[in-house]
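In my numbering, the protein residues as written are 3 to 403. Think of the CB as a built atom: it goes at the ideal place given N, C-alpha and C, for glycine as much as any other residue. The next block holds one structure in the form of structure tokens; read it before the comments.
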Ligand code: TYM
């Protein structure tokens, strides 16, 4: 049998990026340029960001301005069509493997909320409770419970209920959705999924047959209550680049079953507190800030664990300044401090040694605490009835207005 892409990656001792593992080479940083080449996606050029600004008549989101979303597939075609008056729909998702989301998980949802508001388009959000039941060895009931809990965090990001459908695979898979799954499954050989996902003969067949489930929300005909007769509606998927393998497979199959390929807009990873070698690890709670962390916990985690590019003594720091390339507090501020002028000022002062690590961390603690507290307030206001309402199978009559 052919070697899988993942086996080849391991042999080359290269970085590994797939839906289940993100590891940089030799404990270094993820090389995103290399990833673009390897995956065959395109870099999100400045000109596309300016087009977004022009088409939406609003400033580009901070994640666009700062290059957090850095890669795409056919996003230019989505904008071309939009310019001609043709709308699209958004699709993103979450694998409910834990009670609480960390800040990295929020990134695609915050960005999707901006896209929904800016382009005024509908959105489908898949909760892959089946995926996590199979990969994390959770019971069916526990995965479903976590899906509902996670739905509350997702709703707290502010999605418009008149334009948003959230669904759990356990509840929704069937009918037109299932027919599309079978169409996709017929086009993908075992060798192909081994190549893309690195499955082995020891993996249970639940895993091997899962990829079509994540593929088919890319096709409007999977949602007959939302998009009847709109089979040519394009789909745009915002996610981090770890999900790309699913959609490489989807894009490969789409034309063979008479469907349009989904477009993607992909982000880099919000790094672990300990440094930029990958994404945060669910098994190490000190590697991430969770949306459930208290102000005290955030302060402690940032002060104790956030890897600093500052020098070991004040004298040396004043003389040589901080290494911003490896400094996590500055990286985190790059994601979440909205004020460009303030960020630039801090970067300059810190790099020159005039600002100390403690001062940068103090500002980061303020910024993160505000985001997490705002999120907690919004989540506390999400009731079970609201979850039911977002998850109800219903038409969305004004979803393109
Ligand atoms: P999950 O639950 O692992 O992650 C949810 C979303 O968060 C992104 N993500 C991150 N983004 C930035 N920095 C990080 N450190 C970070 N960690 C995770 C993921 O890329 C994802 O967008 N199988 C999927 C669920 C899913 C899905 C989708 C995701 C189903 N359909 C369509 C995106 C698009 C999963 O387990 O995601």
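Query raised in the report: Do residue 92 and residue 118 have their C-beta atoms closer together than 9 angstroms?
Result: Position 90 of the chain shown, counting from 1, holds the residue named residue 92. Position 116 of the chain shown, counting from 1, holds the residue named residue 118. Remark: C-beta atoms of residue 92 and residue 118 approach each other more closely than 9 angstroms.
Query raised in the report: Okay, do the region 130 to 146 and the region 104 to 113 touch, 3+ Cβ pairs below 8 angstroms being the bar?
Result: no
Query raised in the report: Between which two residues does the beta strand (DSSP E) harbouring residue 95 extend?
Result: The residue given as residue 95 occupies position 93 in the chain shown. Note, residue 95: beta strand (DSSP E), 90 to 96.
Query raised in the report: Going along the chain, which unbroken runs of the beta strand (DSSP E) with 3 or more residues stay wholly within the region 274 to 325?
Result: 277 to 281
Requested in this report: Note down the Cα distance separating residue 96 from residue 127, rounded to an integer number of angstroms.
Outcome: Taking the first residue of the chain shown as position 1, residue 96 is located at position 94. Taking the first residue of the chain shown as position 1, residue 127 is located at position 125. Approximately 8 angstroms, taken between the alpha carbons.
**Report entry** Status (buried if at least 16 other CB within 10 Å, exposed otherwise) for residue 206
**Finding:** The residue labelled residue 206 in the question sits at position 204 within the chain shown. Classification for residue 206: exposed.
Requested in this report: Please determine, among 170, 39, 143, 38, the residue with the shortest C-alpha to C-alpha distance to residue 390.
Outcome: Translated into the one-based positions of the chain shown, residue 390 becomes position 388. Cα-wise, what sits closest to residue 390 is 170.
**Report entry** Cβ distance (whole Å) where residue 77 is taken to contact residue 265 below 8 angstroms
**Finding:** For the purposes of this step, residue 77 is taken as residue 75 along the chain shown, with counting starting at 1. For the purposes of this step, residue 265 is taken as residue 263 along the chain shown, with counting starting at 1. 5 angstroms between Cβ atoms; contact.
Requested in this report: Answer yes or no: the CB of residue 282 versus the heavy atoms of ligand 1, is any distance below 8 angstroms?
Outcome: Translated into positions along the chain shown, residue 282 becomes position 280. Result yes, Cβ under 8 angstroms from ligand 1.
Report task. Quick one: give me the first and last residue of the beta strand (DSSP E) that residue 240 is part of. Result -> Position 238 of the chain shown, counted from the first residue, corresponds to residue 240. Residues 236 to 242.
Query raised in the report: Does at least one heavy atom of ligand 1 sit under 8 angstroms from the Cβ of residue 242?
Result: By 1-based counting over the chain shown, the position of residue 242 is 240. Yes - ligand 1 has a heavy atom lying nearer than 8 angstroms to the Cβ of residue 242.
Report task. Express the C-alpha separation of residue 378 and residue 133 in angstroms, rounding to a whole number. Result -> Taking the first residue of the chain shown as 1, we reach residue 133 at position 131. Taking the first residue of the chain shown as 1, we reach residue 378 at position 376. So the alpha carbons of these two residues sit roughly 27 angstroms apart.
Query raised in the report: Say the cut is 8 angstroms; is the CB of residue 95 nearer than that to a heavy atom of ligand 1?
Result: The count along the chain shown starts at 1 and reaches residue 95 at position 93. Yes - ligand 1 has a heavy atom lying nearer than 8 angstroms to the Cβ of residue 95.
Requested in this report: Hey, could you find the ends of the beta strand (DSSP E) residue 265 is sitting in?
Outcome: Position 263 of the chain shown, counted from the start, is the residue given in the question as residue 265. Per DSSP, residue 265 belongs to the beta strand (DSSP E) from 265 to 269.
Report task. Could you name each continuous beta strand (DSSP E) segment of 3 residues or more that falls completely within the region 16 to 88, going from the start of the chain to the end? Result -> 18 to 20, 23 to 25, 71 to 75
Query raised in the report: Does any heavy atom of ligand 1 sit closer than 8 angstroms to the C-beta of residue 107?
Result: Numbered from its first residue, the chain shown carries residue 107 at position 105. At least one heavy atom of ligand 1 is nearer than 8 angstroms to the Cβ of residue 107, so yes.
Report task. Determine the extent of the beta strand (DSSP E) in which residue 192 is found, giving its start and end residues. Result -> The residue you call residue 192 lines up with position 190 of the chain shown. Per DSSP, residue 192 belongs to no beta strand (DSSP E); it is in the alpha helix (DSSP H), 192 to 199.
Report task. Return the Cβ separation of residue 393 and residue 153 in integer angstroms, given the expectation that the two are a contact with Cβ distance under 8 angstroms. Result -> Translated into the one-based positions of the chain shown, residue 393 becomes position 391. Translated into the one-based positions of the chain shown, residue 153 becomes position 151. The Cβ separation is near 7 angstroms, so the contact holds.
Report task. Go ahead and pull the three-state DSSP assignment for residue 224. Result -> Your numbering for residue 224 matches position 222 in the chain shown. In this structure, residue 224 counts as helix in the three-state DSSP scheme.
Requested in this report: Quick one: residues in its chain with C-beta nearer than 7 angstroms to the C-beta of residue 62, no 5 flanking neighbours on either side, listed in chain order?
Outcome: Sequence index remark: in the chain shown, residue 62 carries index 60 (1-based). Counting only Cβ-Cβ distances below 7 angstroms, and skipping sequence neighbours, we find 51, 54, 55.
Query raised in the report: What did DSSP end up calling residue 328 once you bin it into helix, strand or coil?
Result: Counting from 1 along the chain shown, the entry for residue 328 is found at position 326. Coil, per DSSP.
Report task. Using the DSSP secondary-structure output, state which residues sit across from residue 170 in a beta bridge. Result -> Taking the chain shown and counting its residues from 1, one reaches residue 170 at position 168. Partner(s): 129.
Query raised in the report: At a cut-off of 8 angstroms, is residue 134 close to ligand 1 when judged by its beta-carbon and the heavy atoms of the ligand?
Result: Here residue 134 refers to the residue found at position 132 when the chain shown is read from its first residue. True, at least one ligand heavy atom lies under 8 angstroms from that Cβ.
Query - Buried or exposed (CB count within 10 angstroms, at least 16 for buried), residue 191 - result: Counting from 1 along the chain shown, the entry for residue 191 is found at position 189. Its Cβ having fewer than 16 others within 10 Å, residue 191 is exposed.
Query raised in the report: Of the residues 244, 101, 221, which one's Cα is nearest the Cα of residue 267?
Result: Translated into the one-based positions of the chain shown, residue 267 becomes position 265. Selected option, being the one with the closest Cα: 244.
Query raised in the report: Quick one: what does DSSP say residue 383 is sitting in, helix, strand or coil?
Result: Within the chain shown, residue 383 is the residue found at index 381, counting from 1. Of the three classes helix, strand and coil, the one that applies to residue 383 here is coil, per DSSP.
Requested in this report: Mind listing, in chain order, the continuous alpha helix (DSSP H) runs of no fewer than 4 residues lying wholly within the region 98 to 149?
Outcome: 105 to 121, 131 to 137
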